[in-house]
Amino acid sequence: IKIMSYNSYYSFKLLSINNPQNEPIKSFDLFNIRTAHSPQSASDKRWADSASSEELFIAALPLTSNLICGDLADCTHFPDYCATYTKRCFTTDILAFKDAKGALLTTPKADYLAGQEEIAATQPSVPYFTLSDGNWFKRSSALKESYLFAKLTENNKEEILNLAKKGNFAQFVPVSALYFGGYLKPRSFSHSLRLFKEALQAFREKGIKVGLHIKPGVVEQWDNFINWASPARPVSEMIESYKIGSLSLDISSGQSLINIQLQESLEESETFEHFKNDGKEEFYLVNNELFKCESANSNQLINCVRARYGTRKGSHIAGSSVYLVPLSSSGYPFLRGALREASAKNLSQLLFETGASFLYLDGMDYAPVLPGVTPKSSEDWAVRTKVGFMPYLEALSTPVLIQSGSPVNSTIRWWYEARKASDDGAVFKSKEYTKYKLKLLKNNNPYGQYSDIELGWWRFAGSRIGEGNYDFDATSADEIHYLMTKVVAYDTSVGLQLDNSYRENAKREELFSLIGKYHSFLQTERSSYLLPASLREQLRNENTEAELKEVAGGYQFIQKKINRHYCSFQLNNCSYQINNPYLAQPATFKIKAVFDYYDFSDNRNLTIANSFNSSLSVVPSDESVSCYINEDGRVTVSTPSSNNRPGGCRITIPVETPLNLTRMRGLGIDLEGDGSEALVVVRLESKGFAVRDYKFMLDFTGREQKILGDPTGDNRDIINGKRVDWDGNSAKRRHWSFDWSKISSISLYVNNVLPGRSTELTIYGIKA
């Protein structure tokens, strides 16, 4: 190992490794480092929040893309990484381990960013990345610039430009405007790259920066990058493919649906087993023809549809190689070698030609998980980042603001990407989604790999009822006020996406003008510091609701208070006295219908399940928690006193899918409780990401038929300071658009069973 000393850090490089047995090496440790700080470890959150600015901070940072040093996941899966005085770095022999290079940053907290900047300025293996304002990317004002994210076509380009101007957005990014692969063919604009560039130029002429949204490392069928019908070179050289055998019989060009016979046994192929078990689909390749096969047995691929992805049917003789072609989660093949590099160069050239200053790299997978590598492991991210991601960043001729939509190698997080891409698609109960994002923002570690500071993607929607299938209403002024006051209070940005239903919002221009008013105020605030510190803190409170008003000579924030009162239409009258807590300020009243539900026994209800016994699938929140169900439907959950957090249990309820609850969104449950205060959640899931939760406390004893009403959109998974919802992504997934006509599964969770406690409940029936 070679170690060199600099002002704020030490660099280290592995020169050679004595490994006579050629053992697989995936990590190495740096010992006797006399402080344990790591930006990703939970314990160092305290350091980031409150420690003395003079306290030394030592972090291991990667200087090459084949190295990962100390991700949060590594602390979780490898607890010894977080041991005192030790730094653990991960790599893989697949990526030339011996050339791995990193740095130990040793600086007081107050100088931490300066130390990172020194590394970038002195190490040729990482870029000194400056953005449009001339500042190093982690100090750039571009991080606080809001952007509009929308589809751009010949028919809507003037409308989108008008909305971007009204909203006073600093940046505009067209959604998936180009086919992925060569980035030469727009989806609209008559597939003319010239017309697409002219449309982006219209934004720039109005002072709005533009960006591009792509999926790196994959290729679409309709892109011009590969001529699938008559490829210039073998397809196996252009896309990722892995040989699994050879044909044992000829295949004639006249057959349409065939079985592919192989000389070898697929049961003995580790490559075949690896990709068949990765949860994604795949093609099969013989010569230059792609096949899609329904299933496989020991030595044949069964019911294979021919000439997929625009390839041509051909005749293939026995002995021809058969390849498996892994597909991304979106169903695209992965680019390979020289073609991937050409794709990266095309993107770099397009960024230059369009003057784009923003690049959103979308997707969770940009290269396949290699055989022999554990999916989502540190080794996996290192390999896939190096192979599928870095070629695009290394090809950039001009630095741009980069956001990505997936966990990637920390090389990118430290040296290319300063702002984390937001969770996209949130539409259900938008105000609650903003509260969820506020939690992430408040927990953001300013000393970590990137900033989790953006309040988006926040979707602007019209009423999308979709024949009753979907469940969200048009974005309202109330939701805009709440979102934008938080943007102002935290001096940050918002990424706002136009939902496909945005035209169904009759007030869209008025609401975008409202967004623009807040953005204008924020620009003034950044230069003139109008907000008193006490008011800023008040606005940061998630329960504070306010509206920005322009008054003579300045602005006011009008605090809002919402009172809800419910009256039955069956009564002859309904009187309610309202006391205005803000004295002379005006009040607004809105009257809405709130729908009630049939009684549990009503014959118009739909029975989802009325049989619960030990045959149901039961999964505890962790191995120490006891969870079982008996033949009578009695569920018992016990958390040992040695646990440091509450336990829980998930029970999967079998249903005939897809279950259609389009007109039955209320839920009822018949059960017997024990008064234990456990949290019960009935969760519906639709295909994809979305969930809807019905929550109630087990705060009663005896048998009750509870009408649960509508699903909740909140994110309150914390009770008494303890996280009780152990499905990590549920807070986000509760906000995706939910298709009630295609419910794929139903689960019942029993959560918040405190350490040393047990809870029992008996389930008799669930109805919609």
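Take 1090 as the starting number for the sequence shown in the numbering used here and just add one per residue. Built from N, CA and C at the ideal position, the CB exists for glycine as well.
Whether ALA1239 touches LEU1103 by CB criterion (8 Å): With a cutoff of 8 Å on beta-carbon distance, ALA1239 and LEU1103 are scored as not near each other.
Given 8 Å, three or more beta-carbon pairs between the region 1838-1857 and the region 1720-1727: At 8 Å Cβ cutoff, the stretches touch.
Nearest-angstrom Cα separation, counted from ILE1391 out to PHE1380: Each residue's Cα considered, the two are about 11 Å apart.
Whole-number beta carbon distance between VAL1215 and TRP1504, since they are thought to touch under 8 Å: A Cβ-Cβ separation of about 4 Å places TRP1504 in contact with VAL1215 under the 8 Å criterion.
Within the region 1194-1256, ranges of the beta strand (DSSP E) (whole runs, at least 3 residues): Here the runs fully enclosed are 1236-1239.
Those residues which DSSP pairs with ARG1276 across a bridge: Under DSSP, ARG1276 takes part in no beta bridge, so it has no partner.
Rounded separation between LEU1572 and GLY1551 - CA only: The C-alpha of LEU1572 lies about 17 Å from the C-alpha of GLY1551.
Three-pair Cβ contact test at 8 Å for the region 1445-1454 versus the region 1301-1319: A contact exists between the region 1445-1454 and the region 1301-1319.
Assumed close pair THR1746, SER1833 - CB separation to whole angstroms, cut-off 8 Å: Their Cβ separation, rounded to whole angstroms, is 5 Å, which keeps THR1746 and SER1833 in contact under 8 Å.
GLU1636, DSSP secondary structure in three states: Note: GLU1636 maps to strand in three-state DSSP.
Identified DSSP bridge partners for MET1453: Looking at the DSSP assignment, MET1453 forms no beta bridge with any residue, so it has no partner.
Under the three-state DSSP convention, the category LEU1104 falls into: DSSP, read as helix, strand or coil, puts LEU1104 in coil.
Own chain, CB closer than 6 Å to SER1097, minus 5 neighbours either side, in chain order: These residues qualify, in order along the chain: THR1196, GLY1204 and GLU1207.
Contact with chain D by VAL1476, beta-carbon distance below 8 Å: Among the chains of the structure shown, chain D does not appear; only one protein chain is present.
Complete runs of the beta strand (DSSP E) confined to the region 1291-1359 [at least 3 residues]: DSSP runs (the beta strand (DSSP E)) wholly in the region 1291-1359: 1298-1303, 1331-1335 and 1346-1350.
Length of the line joining the Cα atoms of PRO1488 and ALA1445: If I take the Cα positions, the gap works out to 10 Å.
C-alpha distance - LEU1119 paired with LYS1274, whole-angstrom precision: Inter-residue distance for LEU1119 and LYS1274 is about 48 Å (C-alpha atoms, whole angstroms).
Rounded C-alpha distance that separates GLY1076 from TYR1236: The structure shown does not extend to residue 1076, since the chain is modelled only from 1090 to 1857, so the question has no answer here.
Cβ-based neighbour list, THR1801, same chain, cut-off 6 Å, excluding 5 preceding and 5 following: Cβ neighbours of THR1801 beyond the five flanking positions: ASP1782 and LYS1784.
Opening and closing residue of the alpha helix (DSSP H) in which PHE1441 lies: Per DSSP, the continuous alpha helix (DSSP H) segment holding PHE1441 begins and ends at 1426-1443.
Inter-residue spacing [alpha-carbon to alpha-carbon] between LYS1795 and ALA1767: Cα-Cα distance, rounded: 15 Å.
Rounded distance between the beta-carbons of GLY1270 and SER1085, thought under 8 Å: Outside the displayed span of the chain (1090 to 1857) sits residue 1085, for which this structure offers no information.
Cβ pair count under 8 Å reaching 3, the region 1364-1379 against the region 1476-1487: The region 1476-1487 and the region 1364-1379 do not touch, with fewer than three beta-carbon pairs separated by less than 8 Å.
VAL1411 beta carbon less than 8 Å from that of ILE1349: A contact, by the Cβ cut-off of 8 Å.
Among ASP1200, PHE1101, ILE1114 and THR1219, the one whose alpha carbon lies nearest that of PRO1151: Closest option to PRO1151, Cα to Cα, is PHE1101.
Residue nearest to LEU1315 in terms of C-alpha spacing, selected from GLU1294, ALA1676, THR1751 and PRO1422: The residue asked about is misnamed: residue 1315 is Ile in this sequence, not Leu. It is PRO1422.
Limits of the beta strand (DSSP E) - the one that ALA1767 falls within: It is not in any beta strand (DSSP E) - ALA1767 carries neither H nor E in the DSSP assignment.
Reduced DSSP category for THR1474 - H, G, I as helix; E, B as strand; rest coil: In the structure shown, THR1474 sits in a helix (DSSP, three-state: H, G or I).
Cβ neighbours of ASN1594 in the same chain (closer than 8 Å, five flanking residues each side left out): So the qualifying residues of the chain are PHE1549, ALA1550, GLY1551, SER1552, ALA1563, THR1564 and LEU1600.
Classification of MET1327 by the beta-carbon crowding that lies within 10 angstroms, buried from 16 upward: Answer is buried; the Cβ neighbour count reaches 16.
Residue nearest to GLU1614 in terms of C-alpha spacing, selected from SER1590, THR1574, PRO1113 and ALA1149: For GLU1614, the closest C-alpha among the options SER1590, THR1574, PRO1113 and ALA1149 is that of THR1574.
Assigned exposure category for ARG1812 - 16 Cβ within 10 Å defines buried: Caution applies to ARG1812, whose pLDDT of 46 falls short of 50 and renders its modelled position unreliable; the value that the coordinates give is listed next. Counting the other Cβ atoms within 10 Å of the Cβ of ARG1812 gives fewer than 16, which makes it exposed.
Continuous alpha helix (DSSP H) stretch holding PHE1610: start and end: First-last of the alpha helix (DSSP H) with PHE1610: 1597-1617.
Beta-bridge partners of HIS1570, as assigned by DSSP: Under DSSP, HIS1570 takes part in no beta bridge, so it has no partner.
Boundaries of the alpha helix (DSSP H) in which MET1479 is found, first to last residue: Following the DSSP letters along the chain, one finds MET1479 inside the alpha helix (DSSP H) bounded by residues 1479-1483.
Spatially closest choice to GLY1854 from THR1728, GLU1761 and ASN1699, by CA coordinates: By alpha-carbon distance to GLY1854, the top candidate from THR1728, GLU1761 and ASN1699 is ASN1699.
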